[in-house]
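Okay, so here's the structure we're looking at.
Protein chains: 2
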Amino acid sequence: MQAPDYQAETAQCVFIGRMLGRVTDKWTVLIVRVLGRGPCRFNALRREVGEISQKVLASTLRDLEENGLVSRTVTPVNPPQVEYALTDLGRDFLRPIRGLAEWVLENAALIEAARAEYAARAST
Amino acid sequence: MQAPDYQAETAQCVFIGRMLGRVTDKWTVLIVRVLGRGPCRFNALRREVGEISQKVLASTLRDLEENGLVSRTVTPVNPPQVEYALTDLGRDFLRPIRGLAEWVLENAALIEAARAEYAARAST
DNA sequence: CGGGATCCTTATCGATACTG
DNA sequence: CAGTATCGATAAGGATCCCG
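Note that the protein sequences, when read in sequence, are chains A and B.
Last residue of the first sequence: number 1153 in my numbering, and the count goes up by one each step with no gaps.
Last residue of the second sequence: number 1153 in my numbering, and the count goes up by one each step with no gaps.
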């Protein structure tokens, strides 16, 4: 027997899973981290982040904006200027992300060891 | 100018991003959560998790095993019996995951509000 | 400079069928 | 029961061109 709210919990987890999915793709973490150091414009962001196509950067930024983690400020000058920055929510989001990041870093050796052992077992 | 270890930090973040990617697909969180309640066999796991194909379940479990978060114990009886369980590392991993989950739940309303506002802006 | 539109290439997912 | 193998659909990612 399980707790009565098990189904609700499952629904929550699906919701969380979706949010995690939105938030944890390959690039989101990198972008949030760069923006954590201060506002940044599109192409500057692109250079800082590394090997990302503008399409993916644009769509990732749209997602972040849609979820309220990033703000987008257009200054209508010539040439156009668009600044991206973390919102309060986005800055707050750095906290759990850092928690996860720290965990990964702390346990990187264990994970690598597990992977090596797994590879060894597989090739035997 | 930036801190001298910025490149290294970037590499770290790419590593973290990869780990996050491994760890945060649609199903991983759900599976880890179910296993957090105790060991479970393949088909039982499949029923508990919900709408998942055995292919995806199998490959997700392989990934988790490869990263050392889940153990796989085969008991050679008839019919075959395979138990999956969290390893110590996997149990420890619940901590940051829960941190993230809590953050998502705490801020779900804000995120939904941001999404609603964004949608409203877009349709205008 | 900051993207949108398009096309093409790859992973990913799911369903079905088959094995020890 | 616990998977692997195969196939088709679909989504994600990248490259390129173009426009305000």
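Even glycine gets a Cβ: it sits at the ideal position worked out from N, Cα and C.
I need the DSSP call for T1089 of chain A, collapsed to helix, strand or coil.
As a working note, residue 1089 of chain A is residue 60 in the first sequence. The three-state reading of DSSP puts T1089 of chain A in helix, counting H, G and I together.
With DSSP collapsed to three states, give me the class of E1141 of chain A.
Counted from its first residue, the first sequence places residue 1141 of chain A at position 112. The answer is helix: DSSP assigns E1141 of chain A an H, G or I state.
Whose CA, out of B:R1150, B:N1072, B:L1086, lies closest to the CA of G1097 of chain A?
Your numbering for residue 1097 of chain A matches position 68 in the first sequence. Taking G1097 of chain A as reference, the option from B:R1150, B:N1072, B:L1086 with the minimal CA-CA separation is B:R1150.
Quick check on Y1035 of chain B: does DSSP put it in helix, strand or coil?
Stepping through the second sequence from its first residue, residue 1035 of chain B is reached at position 6. Looking at Y1035 of chain B - three-state DSSP - the assignment turns out to be helix.
M1048 of chain B and V1061 of chain A closer than 7 Å at C-beta:
Here residue 1048 of chain B refers to the residue found at position 19 of the second sequence. Here residue 1061 of chain A refers to the residue found at position 32 of the first sequence. No, Cβ-Cβ distance for M1048 of chain B and V1061 of chain A is not below 7 Å.
Would you please state the rounded distance, in angstroms, between the beta carbons of E1094 of chain A and Y1147 of chain B? I believe it to be under 8 Å.
One-based indexing of the first sequence puts residue 1094 of chain A at position 65. One-based indexing of the second sequence puts residue 1147 of chain B at position 118. Indeed they touch by this definition, with Cβ atoms about 7 Å apart.
Assuming the contact rule is C-beta atoms closer than 8 Å, K1055 of chain A and G1050 of chain B should be a hit. Round their C-beta distance to whole Å, please.
The count along the first sequence starts at 1 and reaches residue 1055 of chain A at position 26. The count along the second sequence starts at 1 and reaches residue 1050 of chain B at position 21. Contact holds; Cβ gap of about 6 Å.
Is the beta carbon of L1123 of chain A less than 7 Å from the beta carbon of G1046 of chain A?
Locating residue 1123 of chain A in the first sequence gives position 94, counting from the first residue. Locating residue 1046 of chain A in the first sequence gives position 17, counting from the first residue. Contact flag unset, no.
With distances taken Cα to Cα, identify the nearest neighbour of T1116 of chain A among B:A1143, B:S1082, B:R1076.
What you label residue 1116 of chain A is simply residue 87 of the first sequence in a count that begins at 1. T1116 of chain A has its Cα closest to that of B:A1143, out of B:A1143, B:S1082, B:R1076.
Candidates B:E1038, B:R1127, B:Y1035: which alpha carbon is nearest C1042 of chain A's?
Counted from its first residue, the first sequence places residue 1042 of chain A at position 13. For C1042 of chain A, the closest of B:E1038, B:R1127, B:Y1035 by C-alpha to C-alpha distance is B:R1127.
Taking one C-beta from the segment 1071-1091 of chain B and one from the segment 1068-1079 of chain A each time, how about it: are there three or more such pairs within less than 8 Å?
Per the Cβ contact rule, the segment 1071-1091 of chain B is not in contact with the segment 1068-1079 of chain A (fewer than 3 Cβ pairs under 8 Å).
Contact criterion: CB-CB distance below 7 Å. Does E1095 of chain A meet it with respect to chain B?
Locating residue 1095 of chain A in the first sequence gives position 66, counting from the first residue. E1095 of chain A counts as touching chain B.
If we count the other Cβ atoms within 10 Å of its Cβ and call it buried at 16 or more, is S1088 of chain A buried or exposed?
Sequence index remark: in the first sequence, residue 1088 of chain A carries index 59 (1-based). S1088 of chain A should be labelled exposed.
CA-to-CA distance, Y1113 of chain A to T1102 of chain A, given in whole angstroms
Position 73 of the first sequence holds residue 1102 of chain A. Position 84 of the first sequence holds residue 1113 of chain A. Taking the straight line joining both Cα atoms gives about 6 Å.
By a C-beta neighbour count over all protein chains shown, 10 Å radius and 16 as the cutoff for buried, is P1105 of chain A buried or exposed?
The residue labelled residue 1105 of chain A in the question sits at position 76 within the first sequence. That one is exposed.
I'd like the span of the beta strand (DSSP E) that includes E1080 of chain A, first residue to last.
Along the first sequence, one-based indexing puts residue 1080 of chain A at 51. Per DSSP, E1080 of chain A belongs to no beta strand (DSSP E) and is neither H nor E.
Quick check on the burial criterion: 16 or more other C-beta atoms within 10 angstroms. Buried or exposed for T1153 of chain B?
Numbered from 1 along the second sequence, position 124 holds the residue referred to as residue 1153 of chain B. T1153 of chain B is classed as exposed because its beta carbon has fewer than 16 other beta carbons within 10 Å across all chains shown.
For a test of the three-state rule: what should DSSP assign to V1052 of chain B, helix, strand or coil?
Taking the first residue of the second sequence as 1, we reach residue 1052 of chain B at position 23. Residue state, collapsed to three classes: helix.
Taking the alpha carbon of E1038 of chain A as the point to measure from, which residue in B:Q1110, B:F1044, B:V1078 has its own alpha carbon closest?
Numbered from its first residue, the first sequence carries residue 1038 of chain A at position 9. Closest option to E1038 of chain A, Cα to Cα, is B:V1078.
For N1107 of chain B, does the count of other Cβ atoms within 10 angstroms reach 16, so buried, or fall short, so exposed?
Along the second sequence, read from residue 1 onward, the residue named residue 1107 of chain B stands at position 78. Around the beta carbon of N1107 of chain B, fewer than 16 other beta carbons lie within 10 angstroms, which makes this residue exposed.
Please determine, among A:Y1035, A:P1125, A:L1059, A:Q1110, the residue with the shortest C-alpha to C-alpha distance to V1036 of chain B.
Working through the second sequence from its first residue, we reach residue 1036 of chain B at position 7. Checking the sequence, you will find Gln at residue 1036 of chain B rather than Val. Here the closest residue by C-alpha is A:L1059.
Nearest CA to the CA of T1053 of chain B: which residue from B:N1136, B:E1141, B:D1092, B:A1145?
Taking the second sequence and counting its residues from 1, the one referred to as residue 1053 of chain B is at position 24. Checking every option, the nearest Cα to that of T1053 of chain B belongs to B:D1092.
I want to verify the contact list: residues of chain A whose CB lies under 8 Å from the CB of K1084 of chain B, in sequence order.
Looking up residue 1084 of chain B in the second sequence gives position 55. Neighbours of K1084 of chain B in chain A, taken as residues at a C-beta separation under 8 Å, are lacking, since the least C-beta distance is about 18 Å.
Look up V1106 of chain B in the DSSP assignment and say whether it is helix, strand or coil.
What you label residue 1106 of chain B is simply residue 77 of the second sequence in a count that begins at 1. Three-state DSSP puts V1106 of chain B in coil, outside helix and strand.
Using three-state DSSP, classify L1115 of chain B as helix, strand or coil.
The sequence position of residue 1115 of chain B within the second sequence is 86, counting from 1. Three-state DSSP puts L1115 of chain B in a strand.
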